[in-house]
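Numbering (mature numbering (1 follows the signal peptide of the UniProt record, and there is no 0)), first residue to last: -24 to -1, 1 to 179.
All C-beta atoms, glycine included, are put in the ideal place defined by N, C-alpha and C.
All figures in this text were calculated on a predicted structure; none of them were measured in a lab.
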Amino acid sequence: MSNIKTSTPLKFLLIASIIPQVWSWEVGNGVQTSSGFVHRYAASNTFVTEYLGIPNAQPPIGELRFAAPQRYPGNNSINGTDFISSEFNISTLFFSDFPDMPLRENINSGVYHGVEIYHLFCKTLRGVGIPQRTAQEVDLGRYMMEACATFAKDPHMGLRKLGWSIFSPGEDTLICLGLGNITALDMSGSSEYDSGCPSAFPV
């Protein structure tokens, strides 16, 4: 018979000390981080904890455009209960559904995720039975390219010059791209599209 050691290994003592801390945490609790305590937002879904408006250390522009993320300077309490105002906070939804985009024939399946990338580079899938791009599709792609180039040149105010608004939940500031398969600036509120999300994350 082998000898049985009665002493408790250190690793089990560590686990035993950690488990109560893990079990004491509940959905909706704030979180203590190395950059300060982050207050949480009370999500409508009781299984989800939302932390909104987490600040950036510095926006990724200029010399920081291709640099590693910068550490957030500070250890004060962070308000994660609401979105912060930011000149970079511009939200968009993509709506277009051109003939060469559906997933299936004769079924209104809608377009697939990532299809807007083809617009952005004025490309489309090629193959047997896939229709050619329409003139409206080309126009929308050019508009999206212009918006991206404008933002790259001037992240602070570029899109404002195109009439795009800073996104604000509850206001008609959500940019709807390709709505009705047309190229036009169309802004809407996000609540209509948030309603299908169980945790109601603003778009």
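Residues that G12 bridges to, as DSSP identifies them: Beta-bridge partners of G12 (DSSP): T9.
Check the C-beta distance from T126 over to K137 and give it rounded, since I have them as a contact under 8 Å. Taking the Cβ atoms as the reference, T126 lies roughly 7 Å from K137, within the contact range of under 8 Å.
Quick one, are the C-beta atoms of F97 and G117 less than 9 Å apart? Closer than 9 Å, so yes.
Assuming S11 contacts N51 under a Cβ cut-off of 8 Å, what Cβ separation, rounded to an integer in Å, is found between them? Taking a contact as a CB-CB distance under 8 Å, the pair S11 and N51 counts as one, their CB atoms being some 6 Å apart.
Are the CB atoms of M163 and I151 nearer to each other than 9 Å? Cβ atoms of M163 and I151: closer than 9 Å.
I'd like to confirm the pairing. Which residues does DSSP put opposite I106 in its beta bridges? Beta-bridge pairing by DSSP links I106 to no other residue.
Quick check on DSSP: helix, strand or coil for T57? Three-state DSSP puts T57 in coil, outside helix and strand.
Looking at F13 and L72, is the spacing between their C-beta atoms short of 9 Å? Checking the displayed sequence, the identity of residue 72 turns out to be Ser instead of Leu. In this structure, F13 does not lie closer than 9 Å to S72 by Cβ.
Beta carbon of Q108 nearer than 9 Å to that of D130: Not closer than 9 Å, so no.
Find out if the Cβ-Cβ distance for the pair W140, L161 is shorter than 9 Å. The answer is yes: Cβ separation under 9 Å.
Starting from the Cα of I93, find the closest Cα among T57, N5, C124 and Y48 and give me that residue. Checked all of T57, N5, C124 and Y48; the closest Cα to I93 is C124.
Best match in E147, E122 and I158 for proximity to G165 [C-alpha to C-alpha]: For the residues E147, E122 and I158, the minimum Cα distance to G165 belongs to E147.
Skipping 5 residues on each side, what residues in its chain have a beta carbon closer than 7 Å to that of L135? Here the set comprises I66, A123, T126 and F127.
Please confirm whether F23 and N157 have their CB atoms less than 9 Å apart. No. Outside cutoff.
In the DSSP assignment, the alpha helix (DSSP H) including C124 goes from what residue to what residue? Segment A111 to K129, the alpha helix (DSSP H) holding C124.
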